[in-house]
Ligand SMILES: NC(=O)c1ccc[n+]([C@@H]2O[C@H](COP(=O)([O-])OP(=O)(O)OC[C@H]3O[C@@H](n4cnc5c(N)ncnc54)[C@H](O)[C@@H]3O)[C@@H](O)[C@H]2O)c1
């Protein structure tokens, strides 16, 4: 159950990778808070399913966020439907647990494009509308692996999630004078299909036992933090990385 007041009335948000998982929960929370939401995903059926569930004020867009052309079409669709963009959530991402000695260059490049280049492409494409509207908020999804290294995921994955923090800190400095804030979230282990597909059951049980909260995170517990970061309640938070991990990593 989503709780809180409607803090994002009149705002338009794009959430990449929001056909399922964390992105979907982020889109649900932003929409609940009154924002119009663009559900962008490489799997259009899932994007449509999310948008249909939300109803009025939600638009499904088919986009591969690692492609500059697709990203421009995503922004164009947003401007056509809602007139601008105030909030960008760079959530789309994937992982593959390949040890470094077995990793091919093509696999390294693939993940860099999906997880990191996409953040650059989407942010650059969304900024002009935010500037025109007098401000905005960019929230990008890092990970606990940027804090402590990947236990199960790939070294390329951890590299992209660390780079997103540096990208965000620099973006925060570069855009503050345009009233545009940039922040990261760093989720711990959140119970999504990504985790179910990549993490063996025995490892899941071991990890659950090591988390002070004694459980994996829920997607809704990420959505609420993103809505807060997007809202005026977070107007003085810029360049931050917010850890959401049940105490699994404490800096
Ligand atoms: N689940 C976790 O424990 C966890 C922890 C830390 C960070 N994260 C990050 O959170 C984000 C969401 O993870 P999730 O667990 O919900 O994963 P997920 O696989 O359930 O969902 C990812 C979504 O992104 C979409 N996507 C993938 N590639 C895309 C592309 N090129 N263009 C557009 N959409 C694309 C997928 O279709 C999917 O809908 C990712 O960036 C992930 O790295 C997840």
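Residue numbers (our numbering): 61 to 311. Note that CB positions come from ideal geometry on N, CA and C, so glycine has one too. Computed from a predicted model, the values in this text were never measured in an experiment.
Can you tell which of 160, 111, 186, 103 has its C-alpha closest to the C-alpha of residue 150? 186
Beta-carbon separation of residue 174 and residue 201 under 9 Å? Cβ distance not < 9 Å, so residue 174 and residue 201 don't count as in contact.
Is residue 174 close to ligand 1? I mean its beta-carbon at under 8 Å from any heavy atom of the ligand. Residue 174 Cβ: within cutoff of ligand 1.
Going by other Cβ atoms of all chains shown within 10 Å of its Cβ, with 16 needed for buried, is residue 90 buried or exposed? buried
By the three-class DSSP mapping on this structure, what secondary structure does residue 178 have? helix
Assuming residue 76 and residue 125 make a contact with CB atoms under 8 Å, what is their CB distance in whole Å? 5 Å
Where does residue 240 land, buried or exposed, given buried means 16+ other C-beta within 10 angstroms? buried
DSSP three-state label for residue 279, please. coil
Examine ligand 1 and report whether any of its heavy atoms sits within less than 8 Å of the Cβ of residue 91. Every heavy atom of ligand 1 is 8 Å or more from the Cβ of residue 91, so no.
Decide if the segment 227-242 is in contact with the segment 272-282; the criterion is three or more beta carbon pairs, one per stretch, under 8 Å apart. no
Rank 251, 227, 267 by C-alpha distance to the C-alpha of residue 177 and give the top, closest one. 227
Taking the alpha-carbon of residue 131 as reference, which of 181, 302, 106 has the nearest alpha-carbon? 181
Between which residues of its own chain and residue 129 is the CB-CB distance below 6 Å, once the five residues before and five after are set aside? none
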